[in-house]
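The structure under discussion appears below in the form of structure tokens.
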Amino acid sequence: MNLELALRSAIQNAIDFLYGVPEQQIQLQPTNIEFEGSHTLVCFPLTKLSKTSPEETARQIGDYLVKESGFVGKFNVVKGFLNLSIADTTWIKVFSDILSQKDHGCLPPNGKEIMVEYSSPNTNKPLHLGHLRNNFLGFSVAEIYKALGYTVHKVQIINDRGIHICKSMAAWSLFGNGETPESNGMKGDKLVGKYYVEFDKTYKAQIKELEATGISTEQAEKEASIMKQAVDLLLKWEAKDPATILLWKTMNGWVYRGFEATYTRMGVDFEKLYYESDTYLLGKEEVMKGLAAGVFLQKTDGSIWVDLTGDGLDQKVLLRSDGTSVYMTQDIGTAILRFRDFPKIEGQVYTVGNEQEYHFKVLFLILGKLGYTWAKKCYHLSYGMVDLPTGKMKSREGTVVDADDLMTEMVNDASKQTSELGKTEGMREQEIAALGEMIGLGALKYFLLKVDPKKRMLFDPSESISLQGHTGPFIQYTHARIRGMLRKAMDRGLTWNSESGSQLKALEPAERDVIVAINQYPAKLQEAAKEYSPSVVANYVYELAKDYNQFYQTIPVLNETDPAKLSFRLAFSKVVADVLRSGMGVLGIRVPERM
RNA sequence: GGUUUCAUAGUUCAACGGAUAGAAUAGGAGUUUCCUAAACUCUAGAUCCGGGUUCGAUUCCCGGUGAGACCA
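Using the numbering used here, read the first sequence as starting at 885 and increasing by one per residue.
So, in structure tokens, the structure goes:
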């Protein structure tokens, strides 16, 4: 049974019966902890119908519900708030239903498809803290939709062309001496990143030298020999010069293998990768088509623009006067290609930082102007930057937190704390390592996902490693403790079944609180999907774990002598563990059997 | 300069326009003969400023101040 819906319809009936008005928007919300009850009806807005005080209105509706609904046990009124207590027998019924379900909260396949793009790094720089937020967010949103029955296609676009990769190529050609990831044991993405930095250093030095000869800065930037080489490589690349293409492929290959290792450790995956080098030509075609159709306009210098002044924005260039494409051109091509590849998808979710909000607003408008109806189903999952206590991450100032390093640090720290607490006794080496990985990454992922994506957040390396309180490990621990208890029950021959609890007549308050929480899970998943916000699930599983810990601390399970209560509490604990695993699962966080 | 996002305990985060603004950390005081103390209990502590709309505003509107982002 869906308690929420039943309650709403009962309230509708009450209003209809009492005041003769059938359809009403009703405000039903969770009851504050300090009051008795689980659901609260806000009665202030109803006074227009009842023509009496909020308190009296609440009493009238409360009386009706207790008499007629069959599941409202009692009620109390505080000001205009009608606090409803659902009968324990109803809660037990609700719990029995959940117990009999296979995956509480998850829905069967609904035949719908969506696409989620995330990660999409630059091939010159190793992944950093900001990418971690991006990856965890995108992955989690995809998993949330999967849990709700969608077929989800996870993709990313790889920015593999342009002057930036040529800079690394130029520097490697000059200083590399044939160095490869194999020859020096460095991860490929780190190696290429090293030469990108090398380029920058050399470039700056050359500018300084040139300026010393009395040339203007602007002139010096053009004259610097290493920049000339990079530009030369770009021209050769565009002309498909075999040697240049080979070098480009080789160095990109290094990066991809390096990224792959990082993705594996992060626990994220992709169904298909798109490369800008494959999509930018399609983008140009589409722009030309749009021009022919009169959607775009051409200026006297030959450049092509879109006029968005009618939409409150300005004019935006789509092809430069020399015919070269801009980012927008590529993104138009990529979007269209994806809908050709996956014709059944309803929309696309782009997981990209909020500094690109304007870009995506423009992109979606352009796609709409080109006549693609799916344009309005595209969504920019925009997220705020991750700040450090020292301020913004800046690669030039060396304040970037590297993704690989951070993961290693978190895992090492978790492993250390685990062994210090004596939790690893009797575990094999492999188990210990796996546990450290689970806890360290769990802490990191939870930390980055518990905050509303839209907001910028602060990452303090020294404080963020905490494993106590509102953290992933807190939830992992609650799960492990339940699993440990269930193992012990098994050893003692104690068990439960689908009937467990059904003969009970009353619940402990702590038990009721947990059932209320369990019952909220489906709605929380829906909300998270609708808002594209894993933080909804993250905060929910924390609340559930906290409620359960309160129960655990005060109510005996294995030591309970009444067999009916014992089997109910076992079943009840098992369901909590399942929901915790499921909720953490959609966040991309695994939970251990013991810790 | 234009557009836009944000501002909540010392700190990091919550709060469909609803009740005495929740947590977590850091601080203070406790809980282990009993299912895992990475836990639990108690305690102290906050809505940037000024107007407006509303029965009711952290939330909506206007104006400041401060921080960020984007567009030229």
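Ideal placement from N, C-alpha and C gives every residue a C-beta, glycine not left out.
- Annotation for H1264: Y1234, V1236, E1241, F1244 place their beta carbon closer than 7 Å to its own, counting only its chain and skipping 5 residues before and after.
- By the neighbour-count criterion, in which 16 or more other beta carbons inside 10 Å mark a residue as buried, E1082 falls on the buried side.
- D972 is the residue among D972, F959, D947, L1094 whose C-alpha sits nearest the C-alpha of P1393.
- Restricting attention to S1451, M1172, Q1434, the CA atom closest to the CA of L1442 is found in S1451.
- As DSSP reads the structure, M999 sits in a beta bridge with H1037, Q1232.
- Counting other Cβ atoms within 10 Å of its Cβ, R1141 stays below 16 and is therefore classed as exposed.
- In the DSSP assignment, K1200 falls within the beta strand (DSSP E) that extends over 1199 to 1203.
- In this structure, the CA atom of Y948 is about 16 Å from the CA atom of T931.
- In the DSSP assignment, I1042 is bridged to Y1159.
- Taking C-alpha positions only, A1298 is separated from E1477 by approximately 16 Å.
- DSSP places G1217 inside the alpha helix (DSSP H), whose first and last residues are 1211 to 1225.
- Within the same chain, Cβ atoms closer than 6 Å to the Cβ of T1218 are found at I1041, Y1158, T1163, the five residues on either side in sequence being excluded.
- Nearest to K1334 by alpha-carbon distance, out of G946, G1098, E1427, F1143, is E1427.
- Here K1009 is buried. Its C-beta has 16 or more other C-beta atoms within 10 Å.
- Only residues of its own chain outside the window of five on either side were considered, and among them Y1330, L1333, K1334, L1471 have a CB closer than 7 Å to the CB of A1422, listed in chain order.
- Annotation for K958: no alpha helix (DSSP H) segment contains it, though the beta strand (DSSP E) segment containing it runs 956 to 962.
- Scanning P992, D1271, A1327 for the CA closest to the CA of V1295 turns up A1327.
- Counting only unbroken stretches of 4 or more residues, the alpha helix (DSSP H) elements lying wholly within the stretch 1233 to 1309 are 1241 to 1253, 1287 to 1304, in sequence order.
- It is roughly 7 Å from the alpha-carbon of V1171 to the alpha-carbon of L1202.
- Apart from the 5 residues on each side of it in sequence, T915 sits with its Cβ closer than 7 Å to the Cβ of G921, S922, H923, T924, N967 in its chain, given in chain order.
- Of all alpha-carbon atoms in L889, L1181, N897, the one lying nearest the alpha-carbon of Q913 is that of L889.
- Excluding its 5 nearest sequence neighbours in each direction, V1459 has C-beta neighbours in its own chain below 8 Å: F979, I982, L983, H988, I1402, listed in chain order.
- With a cutoff of 8 Å on beta-carbon distance, F1154 and K1338 are scored as not near each other.
- Bridge pairing for M1341: V1270 [DSSP].
- In terms of Cβ geometry, G1014 and M1269 form a close pair [threshold 8 Å].
- With a beta-carbon spacing of about 6 Å, M1135 and V1076 fall inside the 8 Å limit used to define contacts.
- At least 8 Å separates the beta-carbon of S1109 from that of Y1079.
- In the three-state scheme derived from DSSP, where H, G and I count as helix and E and B as strand, V1190 is classed as strand.
- Our two residues, K1307 and Y1436, have alpha carbons roughly 20 Å apart in a direct line.
- Uninterrupted alpha helix (DSSP H) stretches at least 4 residues long and entirely within the stretch 1085 to 1162 occur at 1101 to 1107, 1109 to 1122, 1126 to 1150, given in chain order.
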